[in-house]
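Numbering (my numbering), first residue to last: 410 to 731. Glycine residues also receive a C-beta, built at the ideal position from the N, C-alpha and C atoms. The structure displayed is predicted, hence computed values, not measured ones. Before any comments, here is the structure.
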Ligand code: BMA
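What follows is the structure in structure tokens.
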């Protein structure tokens with residue numbers, strides 16, 4: 410993978426003091442961008458070749474959830490394939506998959522790893538790898554059901570693969586904290602540690618019901634920078650917002666700092682209205698060591714992007730930590 414990438418970017422609007430700001434042309438992917446889709450959201454993007462590749466959650470008009478490959482030169486305009494990813498057996502026999510949603514993509518050493526919420530007697534974390542975004546090899550599920558929001562670190566830590574996840578229930582889980590697990594081989598997972606829990610209501614209510622890892626953590630000299638979602642249960646249902654956490658580089662179950670005020674919360678029409686209103690759900694971030702572009706699902710219907718400067722985000726999280 411290339412070291413420095415030309416990431417999609419738009420400068421902070423004049424007069425804005427926001428730490429992170431939205432692209433003025435959001436949403437970048439509309440709900441009907443492929444013929445079969447009802448909605449395209451909660452999707453993952455990585456630098457690939459001379460542009461970008463992505464794995465997109467496209468729910469079809471029967472509202473079956475599946476993941477689709479896409480390619481882009483600039484990270485903004487996407488060609489998404491019209492047929493879902495077909496998996497071959499990876500490090501085991503083919504694992505059942507009743508549905509696939511909320512993918513994340515991580516480049517580690519020599520290949521791209523995809524994690525997603527895999528329907529196996531309920532939601533759990535599916536894993537696959539690809540070298541070229543043409544052939545995909547499905548591996549063992551990471552965990553027993555029920556689990557969601559599996560996010561791999563982009564390198565081995567202390568010699569092992571490392572994954573964040575969020576144990577859940579079989580429905581619209583009313584709880585949820587972020588855990589971390591290690592694996593020597595991407596097949597057997599253990600050494601499970603609690604990373605961070607929901608916040609007390611009176612301290613930071615936007616993240617008091619459940620939280621879940623969002624983007625692949627970005628390595629900085631001050632720690633792993635990870636965007637996550639936080640949820641509050643309101644009289645009109647869940648509201649999903651985005652914050653960031655800084656995790657210790659060698660011991661990533663240790664939270665150094667974590668957003669008290671959110672960085673992005675539903676406010677624009679495409680975040681407030683859609684199949685599920687009031688959702689900002691980050692699943693990917695691309696960066697050039699200075700700037701970062703976050704891809705997020707909006708209202709479970711479309712994809713948006715938001716921008717920020719890495720150092721400013723770190724400084725903000727440190728100065729306003731829970
Ligand atoms: C979660 C997942 C996400 C979705 C969110 C809001 O439980 O199903 O895919 O974006 O709810 O509906």
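Exposure label - residue i; buried when at least 16 CB within 10 Å
{"i": "residue 425", "result": "exposed"}
{"i": "residue 520", "result": "exposed"}
{"i": "residue 672", "result": "buried"}
{"i": "residue 547", "result": "buried"}
{"i": "residue 542", "result": "buried"}
{"i": "residue 558", "result": "buried"}
{"i": "residue 540", "result": "exposed"}
Proximity winner among the options, relative to residue i (alpha-carbon distances)
{"i": "residue 453", "options": "711, 617, 588", "result": "711"}
{"i": "residue 461", "options": "731, 699, 693", "result": "693"}
{"i": "residue 586", "options": "708, 666, 620", "result": "620"}
{"i": "residue 667", "options": "727, 513, 640", "result": "727"}
{"i": "residue 549", "options": "622, 594, 638, 714", "result": "594"}
{"i": "residue 564", "options": "665, 572, 557", "result": "572"}
{"i": "residue 438", "options": "618, 729, 569, 714", "result": "714"}
{"i": "residue 603", "options": "656, 613, 679, 500", "result": "656"}
{"i": "residue 446", "options": "463, 435, 476, 417", "result": "476"}
{"i": "residue 566", "options": "614, 579, 576, 628", "result": "628"}
{"i": "residue 489", "options": "646, 687, 444, 459", "result": "444"}
{"i": "residue 605", "options": "430, 654, 645", "result": "654"}
{"i": "residue 524", "options": "679, 423, 722, 596", "result": "596"}
Residue j beta carbon less than 7 Å from that of residue i
{"i": "residue 706", "j": "residue 480", "result": "no"}
{"i": "residue 535", "j": "residue 508", "result": "no"}
{"i": "residue 674", "j": "residue 650", "result": "yes"}
{"i": "residue 516", "j": "residue 455", "result": "yes"}
{"i": "residue 600", "j": "residue 588", "result": "no"}
{"i": "residue 717", "j": "residue 428", "result": "yes"}
{"i": "residue 484", "j": "residue 417", "result": "yes"}
{"i": "residue 583", "j": "residue 556", "result": "no"}
{"i": "residue 551", "j": "residue 598", "result": "yes"}
{"i": "residue 632", "j": "residue 681", "result": "no"}
{"i": "residue 579", "j": "residue 531", "result": "yes"}
{"i": "residue 622", "j": "residue 560", "result": "yes"}
Supposed close pair residue i, residue j - CB separation, criterion 8 Å
{"i": "residue 624", "j": "residue 616", "result": "Going by Cβ atoms, the distance from residue 624 to residue 616 rounds to 16 Å, so no, they are not a contact pair."}
{"i": "residue 545", "j": "residue 661", "result": "Going by Cβ atoms, the distance from residue 545 to residue 661 rounds to 27 Å, so no, they are not a contact pair."}
{"i": "residue 683", "j": "residue 709", "result": "6 Å"}
{"i": "residue 669", "j": "residue 613", "result": "5 Å"}
Proximity test, residue i beta-carbon vs ligand 2 heavy atom, cut-off 6 Å
{"i": "residue 642", "result": "With respect to small molecules bound, the structure shown includes ligand 1 and not ligand 2."}
When you compare the region 682 to 701 with the region 509 to 517, are there three or more beta-carbon pairs, one atom per stretch, that lie closer than 8 Å?
yes
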